[in-house]
Amino acid sequence: VSFNYWGYHFATDGTGGRAYQVRPDGRGGFRMQAVLNKTVRPVPANGVISSPHFPDKYQGNFLILNSIGFLGIKQYKMVHSTQGKDSDGDGFGDEYETVKKSDPNDANKKPGGSPGDIWGVDQEDLLLSPEDRNFRPTDFEIGSDGAMYVSDWQNIIIGHMQHNVRDPSRDHEFGRVYRITHEGRELMPPVKVDGEPIAKLLDLLKERTNLTRYRARIELSERDTKDVVAALGKWTKQFDTKKPEDAHHLMEALWMHQQHNSKNEDLLKALLESPVADARVAAATVKQFWETSAAANNEVIEEKPAETKKSGILSDTPELTTIRIGTLVEQMKYDTTKLTVKAGKKIKLTFANPDFLPHNIVLV
Numbered sequence: 046v047s048f049n050y051w052g053y054h055f056a057t058d059g060t061g062g063r064a065y066q067v068r069p070d071g072r073g074g075f076r077m078q079a080v081l082n083k084t085v086r087p088v089p090a091n092g093v094i095s096s097p098h099f100p101d102k103y104q105g106n107f108l109i110l111n112s113i114g115f116l117g118i119k120q121y122k123m124v125h126s127t128q129g130k131d132s133d134g135d136g137f138g139d140e141y142e143t144v145k146k147s148d149p150n151d152a153n154k155k156p157g158g159s160p161g162d163i164w165g166v167d168q169e170d171l172l173l174s175p176e177d178r179n180f181r182p183t184d185f186e187i188g189s190d191g192a193m194y195v196s197d198w199q200n201i202i203i204g205h206m207q208h209n210v211r212d213p214s215r216d217h218e219f220g221r222v223y224r225i226t227h228e229g230r231e232l233m234p235p236v237k238v239d240g241e242p243i244a245k246l247l248d249l250l251k252e253r254t255n256l257t258r259y260r261a262r263i264e265l266s267e268r269d270t271k272d273v274v275a276a277l278g279k280w281t282k283q284f285d286t287k288k289p290e291d292a293h294h295l296m297e298a299l300w301m302h303q304q305h306n307s308k309n310e311d312l313l314k315a316l317l318e319s320p321v322a323d324a325r326v327a328a329a330t331v332k333q334f335w336e337t338s339a340a341a342n343n344e345v346i347e348e349k350p351a352e353t354k355k356s357g358i359l360s361d362t363p364e365l366t367t368i369r370i371g372t373l374v375e376q377m378k379y380d381t382t383k384l385t386v387k388a389g390k391k392i393k394l395t396f397a398n399p400d401f402l403p404h405n406i407v408l409v
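So the number in the numbering used here is just where the residue sits in the sequence shown, counting from 1, plus 45.
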C-alpha cells in the first residue's frame, strides 16, 4: 500500500498485478476501484515519488515494481478528478474526463464514481534492465537524502514450488540495492526529527516531502496525547480554513487528531467545507472513521499502572491457611512458583488472573 500527499490510498495485488484506489464507501467499509490498466505481473511493491531531489515532472507519480517478464519500474502520472478546470461543473476536472474518455482499454468511459477518483496515465518507465534477466526489483524507498533506493532480489530461480525453493542455484543470502539520483540536482539536506520538541515537529508537517511528514508523525505518536493536542490547538491558529494554501496544513492537524484518537469536530467541519476539493475528500475519510470505528467512540483514558497485591501464604492459623496466586501479565507465568502446606489442612485459595489469556493451575 502507499499514500500520496493528500492521503489517497493505493494498493496493488502482488500476484495478479492489479492496482487499486481504496476509497471509503460511506458505510464504514472501503471499496477497491481500478486506478490504472494492468499490463504486468507480479507486482511486489508500489509507491509514490515525493522528493525535492527529483524534477517536478516526477512528483506524485505512482510507481509499480515488477519482477517477472517486464523487469523494472513502471511509472504513472496520477490525474485527480478534483484538480484542474471543471468546465461542466460536475465535480470532475476536464483533464480527468479527457483521460477516462480517451482510454480505449477503460470500461468507464465516463467517470461514474465520486470526486476524489484518480486515474493513472502511463509514463516513461523509470528503471528497466533488459540485459540482466535476473534483475528482480522488489521495493523502493525515498531516503532521507531524497535519493531513491531500489531493492533487487537478483535471483535466477524465482518459482515458489518446493523444488524451486530447494534448487541449489537459488540464492538465499544476497541481493542488491540501487541508489538512484538525478544528475545535476542537489540532494535533500538532513532533517532532524528524533527528540525534537513538539512545536518543531508540528512545523515539519508543513513540508512538501512525504517522508519528512511521515517521520514527524511517527515521532509525534510517541508523545503524550494531552501535550500533542494542546500544541495542535496553538499551531492551527496561524492558518485560515478559507485559504487554499492552508488546507493541507490543517489536514495534517486533523490527521494528527485522528492518530491520537482525539476528535476535533470543529476542525473536521471546517475541512469538509474547505475550498480545496482534495481536503474535502480527505476530511470525509476521517469522518467515516470517526463515525464507524469502535475505537473512535471511546475517549482516551490515561492508563494507570496495574495494582499489585501480595501473593503466597497470606495467613496461616491452625484452622485455615489463606493463599493467593496471581499471574504475570503477558508472560504465561505465575507470581508464586511453590507452596507447601500440611496434609489435611483446610485451605482457602484465591486465583487472580488479570491477563487476557486463560491459565491452568495444577495442585498436587
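Ideal Cβ placement from N, Cα and C applies to all residues, glycine included.
Among the options, whose alpha-carbon lies nearest the alpha-carbon of residue i?
i	options	result
Val195	Gly161, His205, Asn209 and Ile225	Ile225
Phe107	Asp170, Gln376 and Phe75	Asp170
His404	Lys354, Phe185, Tyr379 and Glu264	Tyr379
Leu365	Gln78, Val238, Lys390 and Leu373	Lys390
Met92	Thr57, Lys387 and Leu316	In the sequence on display, residue 92 carries Gly and not Met. Selected option, being the one with the closest Cα: Thr57.
Phe396	Pro363, Val386, Ile358 and Gly278	Ile358
Gly64	Pro363, Asn309, Gln78 and Lys288	The question names Gly, but residue 64 is Ala in the sequence shown. Minimum Cα distance to Ala64 is reached at Gln78.
Ser120	Glu140, Ile263 and Leu172	Strictly speaking, residue 120 in this sequence is Gln, with Ser absent from that position. It is Leu172.
Asp177	Gly191, Pro363 and Asn200	Asn200
Gly229	Asp162, Thr330 and Ala192	Ala192
Arg262	Gly59, Leu299 and Pro320	Leu299
Ala388	Asn398, Leu408 and Phe401	Leu408
Gly161	Asp139, Ala322, Glu267 and Gly129	Ala322
Tyr223	Val67, Phe185, Pro320 and Thr286	Phe185
Ser159	His227, Gln66, Asp216 and Gln168	Gln66
Asn309	Trp51, Trp335, Asp139 and Asp285	Trp335
Trp51	Arg268, Lys251 and Thr385	Lys251
Ser174	Ile118, Gly61, Asp167 and Thr385	Ile118
Thr254	Gly105, Thr127, Phe55 and Phe401	Gly105
Lys383	Thr127, His217 and Ile406	Ile406
I'd like to know whether the C-beta atoms of residue i and residue j end up nearer to each other than 9 Å.
i	j	result
Pro100	Met233	no
Arg211	Trp198	no
His305	Val273	yes
Ile370	Ser356	yes
Thr281	Leu312	yes
Leu249	Met301	no
Val374	Tyr53	no
Ala329	Pro69	yes
Ile392	Thr367	yes
Gln303	Val331	yes
Gln333	Gly71	yes
Arg260	Val238	yes
My output table needs one value for residue i: the three-state DSSP class, helix, strand or coil.
i	result
Gly157	Bear in mind that the predicted position of Gly157 carries a pLDDT of just 47, short of 50, making it too unreliable to give a figure here.
Asp272	helix
Thr367	strand
His302	helix
Ala315	helix
Met296	helix
Phe185	strand
Pro99	It is Phe, not Pro, that sits at residue 99 in the sequence shown. In the structure shown, Phe99 sits in coil (DSSP, three-state: anything other than H, G, I, E or B).
His208	helix
Phe219	coil
Gln333	helix
Lys122	strand
Thr281	helix
Ile392	strand
Leu81	coil
Pro289	helix
Arg260	helix
Thr143	helix
His54	strand
Ser307	coil
Ser338	coil
Lys245	helix
Ser112	coil
Arg411	A question about residue 411 goes unanswered here, because the residues of the chain that appear run from 46 up to 409.
Asn255	helix
Ser266	helix
Gly71	coil
Ala397	strand
What whole-angstrom Cβ distance do residue i and residue j have, given they're in contact under 8 Å?
i	j	result
Thr337	Gly73	3 Å
Gly165	Leu110	That pair is no contact at about 15 Å.
Ile411	Ser95	Limits of the chain in this structure are 46 at one end and 409 at the other, which puts residue 411 out of reach.
Ala90	Thr183	6 Å
Tyr103	His125	In fact, because the Cβ distance is near 16 Å, the residues do not count as touching under 8 Å.
Pro235	Ser307	With a Cβ gap of about 31 Å, Pro235 and Ser307 do not count as contacting.
Met123	Asn49	7 Å
Lys287	Pro320	6 Å
Given 8 Å as the limit, is there contact between the segment 108-125 and the segment 79-86, that is, 3 or more CB pairs closer than that? Of all C-beta pairs linking the segment 108-125 to the segment 79-86, three or more are shorter than 8 Å, placing the two stretches in contact.
Is the segment 201-215 in contact with the segment 235-244, if contact means three or more CB pairs nearer than 8 Å? no
Would you check if there are 3 or more beta carbon pairs closer than 8 Å linking the segment 295-302 to the segment 310-328? yes
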